[in-house]
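See structure below.
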Amino acid sequence: MNLSGAEAVVEMLKAHGVEVIFGLCGDTSLPLYDALARLPHGMRHVLTRDERHAAYMADGYARVSGKVGVCEGPSGGGATYLLPGLVEANESSVPVLGINTDVSVASRGRFTLTELDQKALMKPLTKWNAVLDRSADIPRVFRAAFDAMTSGRPGAAHIALPFDVQNGPVERSDVWGDPSLGLYPSRRVAPDPFYVELAAKLLRGAKRPVFICGGGPVISGAQDELLELALRLSAPVATTISGQGSIPEEHALAVGVVGSNGGTPETRSIVDQADLVVFVGCRAGSVTTERWRHPVPGKVKVVHIDVDAQTVGANYRVDVPLVADAKLALAALNEALDDLRRPLESSSLAKAKAQKFAGFNALASSDDTPIKPERVVAELSKALDADAIVVADPGTPCPYLSAYYPVRKSGRTLFSNRAHGALGYSLSAAAGAHYGRPSVKTVAVMGDGSFGMCAGELETLVRCKLPITLVVIRNAVYGWIKAGQKTGYGGRYFSVDFGITDHAKVAEAFGVKSWKVEDPLKLGAALKEAIAFSGPTLVDVVCQPLQEARAPVSEWVA
Ligand SMILES: Cc1ncc(C[n+]2csc(CCOP(=O)(O)OP(=O)(O)O)c2C)c(N)n1
130 MNLSGAEAVV
140 EMLKAHGVEV
150 IFGLCGDTSL
160 PLYDALARLP
170 HGMRHVLTRD
180 ERHAAYMADG
190 YARVSGKVGV
200 CEGPSGGGAT
210 YLLPGLVEAN
220 ESSVPVLGIN
230 TDVSVASRGR
240 FTLTELDQKA
250 LMKPLTKWNA
260 VLDRSADIPR
270 VFRAAFDAMT
280 SGRPGAAHIA
290 LPFDVQNGPV
300 ERSDVWGDPS
310 LGLYPSRRVA
320 PDPFYVELAA
330 KLLRGAKRPV
340 FICGGGPVIS
350 GAQDELLELA
360 LRLSAPVATT
370 ISGQGSIPEE
380 HALAVGVVGS
390 NGGTPETRSI
400 VDQADLVVFV
410 GCRAGSVTTE
420 RWRHPVPGKV
430 KVVHIDVDAQ
440 TVGANYRVDV
450 PLVADAKLAL
460 AALNEALDDL
470 RRPLESSSLA
480 KAKAQKFAGF
490 NALASSDDTP
500 IKPERVVAEL
510 SKALDADAIV
520 VADPGTPCPY
530 LSAYYPVRKS
540 GRTLFSNRAH
550 GALGYSLSAA
560 AGAHYGRPSV
570 KTVAVMGDGS
580 FGMCAGELET
590 LVRCKLPITL
600 VVIRNAVYGW
610 IKAGQKTGYG
620 GRYFSVDFGI
630 TDHAKVAEAF
640 GVKSWKVEDP
650 LKLGAALKEA
660 IAFSGPTLVD
670 VVCQPLQEAR
680 APVSEWVA
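Under our numbering, the letters of the sequence shown match residues 130 to 687, in that order.
So this is what it looks like as structure tokens:
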């Protein structure tokens with residue numbers, strides 16, 4: 130017996146454990162939508178108001194659930210709009226499957242409305258992509274996509290599904306999938322024992338080893354193995370922004386974030402004192418290393434653990450390459466160093482952290498108006514419990530939260546779109562995260578620049594009754610860039626200021642319960658009320674523009 134192509138797509142998603150699909154309808158998607166309407170698949174479809182945000186929702190969902198996120202849209206503009214979210218997910222090692230329906234195979238090359246070359250469009254920006262030409266290929270192509278997304282370094286995949294392919298026949302017996310490929314990492318790679326021994330030897334000989342963790346440890350679920358090894362060596366653990374959650378940040382060995390976006394001079398000093406750096410699931414990119422200056426190349430030995438062989442040694446000369454899943458590599462190192470247990474020595478780290486937070490606390494307790502961004506971070510961390518998920522947009526939110534919002538638990542609770550840093554990510558990523566972990570509170574923190582890039586999705590939050598809280602840091606300026614003009618270009622401000630928006634009123638018009646806060650003394654109560662409410666809420670905080678605030682970065686250009 131046969132299924133239609135569209136029915137086979139629905140069955141293939143179900144076979145891989147998909148629970149929720151984020152997307153937006155279109156002419157070329159009618160067969161797919163009809164199959165979703167007819168079949169008893171149990172998957173939820175979340176209609177969004179823009180494909181970009183459908184992809185960001187799938188990304189947020191995948192980041193916190195450990196499962197593949199799925200988004201869909203129609204041909205033409207649906208594909209170009211889905212793309213930004215797929216690129217971000219791919220570069221952030223997040224498995225997101227994007228499906229765009231397409232004009233019929235039979236109509237190709239005939240100036241058909243919305244026709245574009247989806248294969249070429251998505252190829253350089255996803256880990257794996259295909260345009261289907263025949264219905265019979267649907268099962269094989271979907272299996273390959275799930276495999277590619279969740280094995281090795283996770284990433285995004287894209288499938289274009291032409292209209293006539295959705296209507297053609299698929300043999301029912303061919304429609305099967307391995308549900309373990311719907312989770313990541315699905316296939317772990319073990320390290321070469323030769324290099325494990327070499328790394329263990331270097332670690333034994335090192336006086337001041339330091340770990341710098343990227344997103345890898347959390348993706349791999351390697352937090353326990355990391356902490357065990359750090360305690361064994363009494364070694365500080367620093368992270369990138371994507372690496373937050375590798376270790377609870379209040380732990381004696383946790384450094385916090387390093388680098389030019391969220392790092393501070395104090396956290397940098399810990400890296401500078403190291404004689405051996407272990408990069409774990411980390412690309413050692415420009416931001417983390419402050420343009421490859423910290424750690425100082427040539428002055429430290431380097432052990433680099435990454436599941437992606439191309440990442441190891443890309444930026445630093447590596448003494449020991451460990452190409453492996455982070456959890457397996459760290460477990461192997463623990464085994465090789467089983468006899469070692471150095472006494473915990475963290476006094477200089479404690480001093481550096483105290484210095485870092487002394488500066489912050491002075492600003493965070495200020496009752497000045499407009500409200501200082503530090504105050505927003507401090508009030509938010511008081512109002513939220515350790516399980517809450519916080520998504521931060523670029524601008525003020527990401528560097529301030531990553532530097533000063535304490536991630537109290539290991540695992541993915543604070544995240545940003547660190548690959549491309551497009552404004553307007555946090556609202557929809559937070560919505561997706563809610564579907565991934567509905568039992569905890571999810572909060573999105575955005576600048577007003579970001580608000581302007583995602584406001585249409587307020588309707589989605591209301592329609593879907595999502596109990597998430599949005600915090601807008603309002604300053605009527607692209608503040609991060611203006612601060613750059615101040616710091617690096619003699620204050621020659623050019624085209625960075627925009628008008629004031631009453632975000633609370635805008636949100637209310639959509640049906641979102643909202644607060645506008647100008648008085649710092651009222652901020653804590655407003656946040657608590659908003660967070661406690663059972664539906665979508667927004668707190669519009671009238672803030673000091675960043676150019677007048679102390680920025681926690683050491684340089685502007687990444
Ligand atoms: C899509 C996109 N366009 C441009 C930028 C460059 N950019 C980085 S930060 C920033 C300013 C952010 O302004 P806002 O959201 O108001 O936050 P603020 O910096 O004022 O806190 C801009 C324009 C970007 N990150 N993403």
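All C-beta atoms, glycine included, are put in the ideal place defined by N, C-alpha and C.
Item                                                                                                                                                              : Value
Going by DSSP, what residue range makes up the beta strand (DSSP E) through residue 521?                                                                          : 518 to 521
Figure out for me which residue from 393, 566 and 209 has the closest Cα to the Cα of residue 487.                                                                : 393
Counting pairs of Cβ atoms below 8 Å between the region 245 to 252 and the region 394 to 402, do you hit three or more?                                           : no
Touching or not, the region 289 to 303 and the region 181 to 199, by the rule of three or more beta carbon pairs under 8 Å?                                       : no
Threshold first: 3 residues or longer. Then list the beta strand (DSSP E) segments lying entirely within the region 441 to 475, N to C.                           : 449 to 452
Could you confirm whether any beta carbon from chain C is found closer than 8 Å to the beta carbon of residue 672?                                                : The chain inventory of the structure shown lacks chain C, comprising one protein chain alone.
Indicate whether residue 608 and residue 674 have their beta-carbon atoms separated by less than 8 Å.                                                             : yes
From the DSSP output, in three-state form, read off residue 142 for me.                                                                                           : helix
Examine ligand 3 and report whether any of its heavy atoms sits within less than 7 Å of the Cβ of residue 525.                                                    : This structure lacks ligand 3; its bound ligands are ligand 1.
Taking the straight line between their C-alpha atoms, what separation do you get for residue 628 and residue 544?                                                 : 29 Å
Would residue 569 pass as a contact of residue 518 if the rule is Cβ separation under 8 Å?                                                                        : yes
Quick one: using the 10 Å Cβ neighbour count with 16 as the cut-off for buried, is residue 644 buried or exposed?                                                 : buried
Tell me which residues share the same chain as residue 610 and place their Cβ nearer than 8 Å to its Cβ, disregarding the 5 neighbours each side in the sequence. : 625
May I ask you to report which of helix, strand or coil DSSP gives residue 291?                                                                                    : strand
Counting C-beta neighbours from all protein chains within 10 Å, is the total for residue 439 16 or more, i.e. buried, or is it exposed?                           : exposed
Mapping the DSSP letters down to three states, classify residue 436 as helix, strand or coil.                                                                     : coil
Alpha carbon to alpha carbon, how far is residue 307 from residue 148?                                                                                            : 15 Å
What does the alpha-carbon distance come out to for the pair residue 697 and residue 241?                                                                         : Because the chain is modelled from 130 through 687, residue 697 falls outside the range shown and cannot be assessed.
Would residue 553 and residue 583 be called neighbours here (beta carbons separated by less than 8 Å)?                                                            : yes
Tell me whether residue 458 counts as near ligand 1, meaning its Cβ is closer than 7 Å to at least one heavy atom of that ligand.                                 : no
How is residue 593 classed by DSSP in three states: helix, strand or coil?                                                                                        : coil
Return yes when the C-beta of residue 431 is under 7 Å from any heavy atom of ligand 1, and no when it is not.                                                    : no
Do the region 328 to 335 and the region 211 to 224 make contact, defined as three or more Cβ pairs closer than 8 Å?                                               : no
Excluding sequence positions up to five away, which residues of its chain have a Cβ less than 8 Å from the Cβ of residue 312?                                     : 146, 195, 196, 197 and 279
May I ask you to check if the CB of residue 569 is nearer than 7 Å to at least one heavy atom of ligand 1?                                                        : no
Under 8 Å Cβ to Cβ from residue 602, same chain only, skipping five residues before and after it: list those, please.                                             : 502, 505, 524, 525, 526, 574, 575, 576, 577, 670 and 672
With hydrogens ignored, establish whether the beta-carbon of residue 551 is closer than 7 Å to any heavy atom of ligand 1.                                        : yes
Are there any heavy atoms of ligand 1 lying less than 7 Å away from the beta-carbon of residue 604, as far as the coordinates show?                               : yes
Should residue 498 be labelled buried (16 or more other beta-carbon atoms within 10 Å of its own) or exposed?                                                     : exposed
Return yes when the Cβ of residue 216 is within less than 8 Å of the Cβ of residue 188, no when it is not.                                                        : no
Determine the closest residue to residue 267 out of 303, 247, 281 and 244, with distance taken between C-alpha atoms.                                             : 303
In angstroms, rounded to a whole number, what distance separates the CA positions of residue 175 and residue 586?                                                 : 11 Å
Can residue 231 and residue 157 be called in contact, C-beta distance under 8 Å?                                                                                  : yes
Skipping 5 residues on each side, what residues in its chain have a beta carbon closer than 7 Å to that of residue 588?                                           : 178 and 639
At a threshold of 7 Å, does residue 246 count as lining ligand 1 (C-beta to nearest heavy atom)?                                                                  : no
When every heavy atom of ligand 1 is checked, does at least one fall within less than 7 Å of the C-beta of residue 534?                                           : no
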